[in-house]
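Residue numbers (the numbering used here): 1 to 152.
Structure (structure tokens):
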């Protein structure tokens with residue numbers, strides 16, 4: 001795994017707790033179809049030994065069945081922190097005028113949705129003393145009600 005951008009730690013207050021989070025774009029060393037991935041790391045303040053690490057790998061599209069069978073997640077453009085669901089395999093960053101769903105890991109409201117989902121699905125930083133790793137986080141996107149955004 002090679003990170004290709006600088007990681008910046010951010011702070012967010014949610015449900016009387018303070019979380020620290022960061023995200024980075026990286027490239028897989030071993031892949032069949034796509035090398036791009038986004039990593040989101042979230043800590044509960046004062047519990048740095050039990051963060052959650054979410055790997056959103058474009059490679060995992062091969063494991064998913066999209067609603068129409070034609071679309072897929074496009075994972076990041078270096079240093080963007082955004083993933084898109086596209087049925088043309090193009091993004092607005094590539095100069096296309098594409099109307100596609102996006103999830104922006106730079107936005108606190110997106111991080112809050114990730115915190116809520118994973119706190120209710122096994123991540124408990126107060127009682128754990130280890131890292132909670134989700135290597136195929138792309139699979140969980142259909143279960144989270146993210147704020148809807150179009151385009152870039």
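Cβ atoms here follow ideal geometry from the backbone N, Cα and C, with glycine treated the same way.
Cα-Cα, which of the options is closest to residue i?
i, options, result
"residue 196", "80, 71, 75 and 41", "Given that the chain is displayed from residue 1 to residue 152, the structure contains no residue 196 and the question cannot be resolved."
"residue 21", "141, 115, 120 and 101", "115"
"residue 130", "43, 59 and 74", "43"
"residue 81", "143, 12 and 108", "108"
"residue 61", "34, 47, 54 and 41", "34"
"residue 125", "47, 7 and 28", "47"
"residue 45", "52, 19, 27 and 56", "19"
"residue 140", "26, 73 and 28", "73"
"residue 49", "123, 138 and 84", "123"
Locate the alpha helix (DSSP H) running through residue i, then write down its first and last residues.
i, result
"residue 113", "108 to 119"
Given residue i, which residues of its chain have a CB within under 8 Å of its CB, disregarding the five upstream and five downstream residues?
i, result
"residue 110", "103, 104, 146 and 147"
"residue 95", "A caution first: residue 95 carries a pLDDT of 45, below 50, which makes its placement in the model too unreliable to give a value."
"residue 112", "12 and 14"
"residue 136", "55, 57, 60 and 63"
What are the boundary residues of the beta strand (DSSP E) that residue i is part of?
i, result
"residue 124", "First-last for residue 124: undefined, no H or E at that position."
"residue 101", "101 to 104"
"residue 9", "Where residue 9 is concerned, there is no enclosing beta strand (DSSP E), given that its DSSP letter is neither H nor E."
"residue 17", "17 to 27"
"residue 56", "52 to 57"
"residue 146", "That residue, residue 146, is in no beta strand (DSSP E); it is neither H nor E in DSSP."
With 16 as the cutoff for other CB atoms within 10 Å, does residue i come out buried or exposed?
i, result
"residue 31", "exposed"
"residue 67", "Here the model assigns residue 67 a pLDDT of 49, short of 50, so the residue's position is not dependable and the matter cannot be decided."
"residue 24", "buried"
"residue 54", "buried"
"residue 7", "exposed"
"residue 38", "buried"
"residue 9", "exposed"
For residue i, which residues of its own chain have a beta-carbon under 6 Å away from its beta-carbon, when the five flanking residues on both sides are left out?
i, result
"residue 36", "58, 75 and 76"
"residue 97", "Below a pLDDT of 50, predicted positions are generally treated as unreliable, and residue 97, at 46, falls in that range; no measurement from the model is reported."
"residue 144", "113 and 117"
"residue 134", "54"
"residue 40", "23, 54 and 105"
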